[in-house]
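One point on numbering: in UniProt numbering, the residue at position 323 of the sequence shown is 323, and numbering is uninterrupted.
Here the structure is laid out as structure tokens; the discussion comes afterwards.
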Amino acid sequence: MRDLEKAYNPQTTEDRIYQLWEKSGFFSPDALRGLGSNTKGRRSPERPFTIIMPPTNANGSLHAGHGLVLTIEDIMTRYKRMRGYKALWLPGLDHAGFETQVVYEKQLEKEGRSRFKMKPQELYKEIMEFTMRNKKNIENQTRKMGASCDWSRERFTLDSSIVKTVYSTFQKLHKDGLIYRGRKIINWCPKHQTSLSELETSDVERVDTFYYLKYGPFTIATARPETKFGDKYVVMHPKDPRYKQYKDGQKIKVEWINGPIMATVIKDEAIDMEFGTGAMTITPWHDAVDFDIAERHGLEKEQIIDFRGRLLPIAGEFSGMKIIEARPRIVEKLKAKGLLAKTEKNYKHTVKTCYKCGALIEPQIKDQWFVKMKPLAERAIQAIEKNEVVFIPKQYKKISLHWLKNITDWNISRQIVWGIPIPAKICQGCGAGIVDVENKIKACPQCKKAVKKEMDTFDTWFSSGQWPFATLGYPDAKDYKTFYPTDVMETAGEIIFFWVARMIMLGLYVTKKVPFHTVYLHGLVLDAQGKKMSKSRGNVINPLDITAKYGTDAFRIGLIVRNTPGTSLALDENRIRGYRNFANKLWNASRFVLMNLKDFNPKTKSGLTLADKKILKNLHALTKETTKLMDSFKFYKASEVLYHYFWHTFADKIIEAQKPRLNSKNKKEREAGQYLLLEILQTSLKLLHPFMPFITEELYQRLPLKNKRGTLMIESWPA
1 MRDLEKAYNP QTTEDRIYQL WEKSGFFSPD ALRGLGSNTK GRRSPERPFT
51 IIMPPTNANG SLHAGHGLVL TIEDIMTRYK RMRGYKALWL PGLDHAGFET
101 QVVYEKQLEK EGRSRFKMKP QELYKEIMEF TMRNKKNIEN QTRKMGASCD
151 WSRERFTLDS SIVKTVYSTF QKLHKDGLIY RGRKIINWCP KHQTSLSELE
201 TSDVERVDTF YYLKYGPFTI ATARPETKFG DKYVVMHPKD PRYKQYKDGQ
251 KIKVEWINGP IMATVIKDEA IDMEFGTGAM TITPWHDAVD FDIAERHGLE
301 KEQIIDFRGR LLPIAGEFSG MKIIEARPRI VEKLKAKGLL AKTEKNYKHT
351 VKTCYKCGAL IEPQIKDQWF VKMKPLAERA IQAIEKNEVV FIPKQYKKIS
401 LHWLKNITDW NISRQIVWGI PIPAKICQGC GAGIVDVENK IKACPQCKKA
451 VKKEMDTFDT WFSSGQWPFA TLGYPDAKDY KTFYPTDVME TAGEIIFFWV
501 ARMIMLGLYV TKKVPFHTVY LHGLVLDAQG KKMSKSRGNV INPLDITAKY
551 GTDAFRIGLI VRNTPGTSLA LDENRIRGYR NFANKLWNAS RFVLMNLKDF
601 NPKTKSGLTL ADKKILKNLH ALTKETTKLM DSFKFYKASE VLYHYFWHTF
651 ADKIIEAQKP RLNSKNKKER EAGQYLLLEI LQTSLKLLHP FMPFITEELY
701 QRLPLKNKRG TLMIESWPA
């Protein structure tokens, strides 16, 4: 047996160990058949355990948050594999539609180019090449984190098999009346020229000037005077006593921004009598509330601001101007015409912004494809209420149910190149949207006019929402029949609505089964000061910088100890340094034990004292406690228990107490001490393996044990 080096060197060990694992083939559940687990037949060794890795966005490198994801999921997978399960952890990559295109657009800007001056095919090709370069880098980084995922089953959201499933779901939704193309008001990002769902906007509080304008006999209030050029309806509550003399539908001539107009009085109960003056004009094209009022009363809608965020000819001399430059000039004109009654300088209100670029969202009316969500949500609500899907931490159950019960239809159209094209045609006559997955329709079935290809792509979350069953080959593949429903979906709490809820809804709709039984939600990884990491702040932590300095095992366990689900972790380098010290302790204690086992006979078990048996009984209790914690997903606690046991009980006390026996000339006494230390060491290495796989594997390879399985990764979890 080769002596252990004096110090553990992760840099010379980790790549070699990962190659050992990968070459063994045991990342694949197919190679685990028949291995079972030495746990007295408490479960079938053929029972699967499945995690589908959240597909990593293919637009950059891994960050500390990814490190946490990979660590938690690898802990689950390694634990279940050692328990005798056919453990499948399926890796994947997400084309990440809008987000990736935004990243690439920034690169184009640095090069002095614009996507608006490129052919769609040219832009798509460049982003694909960019993505494939990132893919290789991300795969290497994932390996560096010790991820024991099945690379032979890796999937990409633009794989032909995934696209086929996405199209099939789209067609089924349409056939069932759950997909429609509607002309509705949507969230529009004028910078990136695409629509966004409600979840892709951020609510930002800001302070603006509030303008009170004279509109004939009325005073109306607005923070956006630039939208008022087309306002020809004045709306008030039917029970507002201030306006009882005005009748619904009454016409009133009023002087307005660009001259006199004929205004129509509309009575609607949606008006808040306490807000402003209780009377308001409406801009149906650029406000969701106004749009709903116009829909209820069959009113005309006129566009004031174009899709680039510039004023249209209806604005007269302000046509072509951006809002920021036009507003003060419009206010000056209102003032000159005597239409500005007063202003409030510090009006606090909430505005929507694009979640990627921060641009102000401009509501626009546009034909888009929508999914009717309420029918899908009803089944998801039932499943969650019946605990068919369990949330960790449990408060997310209530949060999910609240969102599902208040769900609105989902706009799945995106005006971007990078994504899965929506398989549809648009009639050039009547404007109808026609689903055409087979790409065979040449003329509109309704008016017989020519059709053109739909140019929009799917919201990336529409394809990601089908990830669990799409990756496993629904409906006929053996993997789907073996590994679906999956066991755990581990992801960030911040995307519970973006992704988790949609997976539950679409999984139930397509497969009639929940896509997973447990949802484990981790919190954010923050910087040492507790601030969210961002490139603009310059505080992004590259996990590979940390692992190169302290070793992957120290980084992994440092992310886990005392890090309860759903809570944020402030990642301090001193914390990781402390767990590197633990890795060194693990190495040094193991080295001492191994140095004293050179003449040891593994068959020897005699000579154990009552004190020895008590120590082994405590070891068994530790194993039992750890197993219970692992089964209840309390990895933050299990890791802490093992840390304290190995350092403060085994290394500091038990080893010290055995030193006289190891130096004893009494063979039986010496062998009893050797047996005791080896038993505790091998058990400790097994228990710590899911958390610190590299160092435990390296030490396990040196243990003088018979009938080893070649790699600690597939050894049986201690009974």
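Glycine included, each C-beta is placed from N, C-alpha and C at the ideal position.
It should be emphasised that the depicted structure is a prediction, and the values quoted were computed from it without experimental measurement.
The region 405-420 and the region 430-449 do not touch, with fewer than three beta-carbon pairs separated by less than 8 angstroms. In terms of Cβ geometry, T471 and G92 form a close pair [threshold 8 angstroms]. Straight-line measurement puts the Cα of V69 at about 17 angstroms from the Cα of K637. Sorting A570, L32, M118, I557 by C-alpha distance to the C-alpha of L586 places I557 at the top. In this chain, the alpha helix (DSSP H) harbouring A638 covers 635-644. The C-beta distance from A279 to M236 rounds to 5 angstroms, short enough to fall under 8 angstroms. Beta-carbon to beta-carbon, I560 and H63 are separated by about 17 angstroms, too far to satisfy the 8 angstroms threshold.
From the listed residues F694, P363, W461, the smallest Cα separation to P284 is found for P363. Residue range 201-215 is occupied by the beta strand (DSSP E) that includes D208. Taking 4 residues as the minimum length, the alpha helix (DSSP H) runs contained wholly in the region 521-608 are 543-550, 552-560, 573-595, in order along the chain.
Of the residues assessed, T12 falls on the exposed side of the cut-off, its CB having fewer than 16 other CB atoms within 10 angstroms.
Around the beta carbon of F116, fewer than 16 other beta carbons lie within 10 angstroms, which makes this residue exposed. Annotation for H689: no beta strand (DSSP E) segment contains it, and DSSP assigns it neither H nor E. Following the DSSP letters along the chain, one finds T142 inside the alpha helix (DSSP H) bounded by residues 120-144.
The C-beta of M505 has 16 or more other C-beta atoms within 10 Å across all chains shown, which makes the residue buried. Closest by C-alpha distance to I220, out of G25, L88, T486, V254, is V254. In the same chain as I185, and ignoring 5 residues on each side of it, the C-beta atoms closer than 6 angstroms to its own belong to A288, F291, P363, I365, in chain order. Beyond the five residues adjoining it in sequence on each side, Y180 comes within less than 6 angstroms, by CB distance, of F370 in the same chain, given in chain order. Secondary structure remark: continuous alpha helix (DSSP H) runs of at least 4 residues inside the region 471-509, in chain order: 478-483. In this structure, A223 lies away from Y396, with their beta-carbon atoms at least 8 angstroms apart. The shortest CA-to-CA distance from R47 to any of P29, G60, M128, A58 is the one to P29. Here the region 385-394 makes contact with the region 514-526; the two share three or more CB pairs at distances below 8 angstroms.
The Cβ atoms of R78 and P690 lie closer than 8 angstroms to each other. A straight-line Cα-Cα distance of about 13 angstroms links T649 and K614.
Collapsing the DSSP output to three states places A221 in a strand. Shortest Cα-Cα distance from Y167 to any of A477, G465, D553 involves G465. Leaving aside the five residues that flank K372 on each side, the residues in its chain whose CB is nearer than 8 angstroms to its CB run, in chain order, G177, L178, I179, Y180, D409. If you look at T277, you'll find it isn't in any alpha helix (DSSP H); DSSP assigns it neither H nor E. According to the DSSP assignment, S24 belongs to the alpha helix (DSSP H) that extends over 10-24. Three or more pairs of CB atoms, one per stretch, sit closer than 8 angstroms, so the region 145-165 contacts the region 20-29. Contact between I695 and A583 holds, since their C-beta atoms are separated by about 5 angstroms, short of 8 angstroms.
Taking the CA atoms as reference points, E385 sits about 12 angstroms from A377. For the pair I416 and G97, the CB atoms are nearer than the 8 angstroms cut-off.
Only residues of its own chain outside the window of five on either side were considered, and among them E679, I680, T683 have a CB closer than 8 angstroms to the CB of L619, listed in chain order. Minimum Cα-Cα distance from C354 among the listed residues T194, P260, W461 corresponds to T194. Between the C-alpha atoms of I304 and E295 there is a straight-line separation of about 18 angstroms.
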